[in-house]
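Chemist: A single structure is presented below for examination.
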Amino acid sequence: MKTYFAALSLTLVAASLLADVISSQGQEPVLPGLLPYPTPSPGRVGQPCGSYRKCQNGLCCLLTHNRNDARATCQPKPGPGQPCSDEQVKGGTYSLHCPCLRGSCPNRGRMPNRPCFLLLVEINEVQL
């Protein structure tokens, strides 16, 4: 009986040590205030973007589809009357169109090519 409990105890100790080693594989400690790489400058039109790199003001991160792959690049936000979308894929990346530069994108379900529009208050601000 003592041998059984000793074997069971050693098995539990070995399993907990193995679980501890496996759980830390591939992870690096993150120290507050210290960045491993410098933060990249915001992307310009046509440059790659994503959660690792944001776009400059007036641009959004839009998925562009090539023949064999899809990648995200910085594209201009549309103005009034141009197609828009508020639907993000992941982490600030948009799939069909960018959100409006100014104004609102009407929420009509999943209709593509919705145009940006300015509210009356926003039109008065633009004219001032």
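Under our numbering, think of the first position of the sequence shown as 1, with each following residue one higher.
All C-beta atoms, glycine included, are put in the ideal place defined by N, C-alpha and C.
Rounded to the nearest angstrom, how far is the Cβ of Q75 from that of L62, given a contact under 8 Å?
Modeler: The pair is a contact, with the Cβ atoms about 4 Å apart (cut-off 8 Å).
Chemist: Identify the continuous beta strand (DSSP E) that holds Q47 and give its terminal residues.
Modeler: That residue, Q47, is in no beta strand (DSSP E); it is neither H nor E in DSSP.
Chemist: Would DSSP call K54 helix, strand or coil?
Modeler: Of the three classes helix, strand and coil, the one that applies to K54 here is coil, per DSSP.
Chemist: Return the first residue and the last residue of the beta strand (DSSP E) that C61 is part of.
Modeler: Segment L59 to H65, the beta strand (DSSP E) holding C61.
Chemist: Compare the C-alpha of Q82 against each of G43, P115, L59 and G91 and name the closest.
Modeler: Residue P115 is the option with its Cα nearest to Q82.
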